[in-house]
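*Asks:* This note's numbering applies: residue 2 is where the sequence shown begins, and numbers increase by one.
Here a beta-carbon is modelled for each residue, glycine too, at the ideal position from N, C-alpha and C.
Predicted model only: the values in this text are computed from it and were never measured.
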Amino acid sequence: MKVYVKRVRSLAAITLASALVLSACGDGGGDKEKDDDTFSFVAVLALSGPLSESGGIPSRNALETGIKILNADGGIDGRQVKLTTVDSAGDATKAVANLQAYLSDNPKPDAVFGGQYSFEALPMAPILTQAEVLSLSSSVTPVLDDPKKFPFAFQQSIPPSTILSALATHISDEGHKKVAYIAVDDESGHTSVDAFKSVAKEGGLEVVDGYIPANSLDATSVLEKLRAAKPDVLVMSAVGPAAATMLKSRTDIKWDVPAIGDGSAFAANDLGKISKPEYWDGVTVQAADWNVEGSAMTSTRPSPSSRRPMRTSSRSTSVSPGSSRSTSR
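1) Per DSSP, L165 is paired with what?
2) Compare the C-alpha of T170 against each of V113, S199, P143 and name the closest.
3) Whole alpha helix (DSSP H) runs in the stretch 187 to 272 with 4 or more residues, listed along the chain?
4) Look at the Cβ atom of L52, then the Cβ atom of G91, and state whether they are nearer than 8 Å.
5) Which stretch, first to last residue, makes up the beta strand (DSSP E) that contains A132?
6) Measure how close the beta-carbons of V180 and V234 come, nearest whole angstrom, since I'm counting them as under 8 Å.
7) Taking only the alpha-carbon atoms, compute the straight-line gap between V141 and Y212 and give it to the nearest angstrom.
8) In this structure, does DSSP put F151 in helix, strand or coil?
9) When the Cα atoms are used, what is the spatial distance from V236 to N62?
10) Using the C-alpha atoms, what's the distance from A288 back to E294?
11) Report the CB separation of T221 from S250 in whole angstroms; it is logged as a contact under 8 Å.
12) Would DSSP call D74 helix, strand or coil?
13) Can the beta-carbon of I183 be found closer than 8 Å to that of M247?
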């Protein structure tokens, strides 16, 4: 039996579209000197660079579709929504520079989607706060969950602890006691690892962690250090090239413990485009039920299991090269 696991980041993209509804709860907030009465929504997305195909482009497409539906239904408080995209290239420095350039050269927008990833959202948040612009993001960092410091910021994402609690339960159910966790050395990576450590402790799991730069081409030294701790299972957390690096380096050092790509980051990858099938042996990818084709939440037939917020498959994951789907079998 095959289960097709769609990219979790596609869910985030759909969430971005639905997040526009939140804007209707505000007072509009837009510049009173705008030339028209449209609702100006600016989305800062990775439309180029290594995260574009797994994140920015599908998110832009989902936003365009969601806005088209919203406008057909009357828009926001009678105002048609106009989408403008700003390219972050998946780089925090470029995200900040391009956002600042937009805000300087254009009327104040009604709302801004300020980052799919925590490493983008964090440096943009102070800028949007100073400009008093309603901002949304799908980042997972708890730093932005501070209404006094960031009163205009809202996060449209599932808390990592919710996702990773399911992962910890799965690992415990498999009989493992010690977990090695490798992540990208940025805000998103540390947030995921910290969240997992918290829930893992409750389940009696021991965790050793290691980090690689987002642009790293070799994770061998970090993986070797983790392997020396003799864990029962390896968990990987990364989006884009760093995920491919982890997979290749794991294969290169012939580390054959069970490996899992976490649901808070790794499941967003289109492995068929960033990696090779020979690097996927023994790898499982955690995915939300609503991203698993044929699951209770995507089936026309309801099931009691549809009430579960997360499912982790214990089957190996492979992907058809060039496909936008991951295949667990």
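*Replies:* So, to answer that:
1) L165 pairs with nothing; no bridge assigned.
2) That would be S199, whose Cα lies nearest to the Cα of T170.
3) The stretch 187 to 272 contains these whole alpha helix (DSSP H) runs: 188 to 203, 221 to 229, 242 to 253.
4) Remark: C-beta atoms of L52 and G91 approach each other more closely than 8 Å.
5) A132 -> no beta strand (DSSP E), and no H or E assigned at all.
6) Yes, they are in contact, since the Cβ atoms of V180 and V234 sit about 6 Å apart, within 8 Å.
7) Roughly 18 Å between the two C-alpha positions.
8) The answer is coil: DSSP assigns F151 none of H, G, I, E or B.
9) Their Cα atoms are separated by approximately 30 Å.
10) Distance between the alpha carbons of E294 and A288 is about 11 Å.
11) 5 Å between Cβ atoms; contact.
12) In the three-state reduction of the DSSP assignment, D74 falls in the coil class.
13) Taking C-beta atoms as the reference points, I183 and M247 count as a pair closer than 8 Å.
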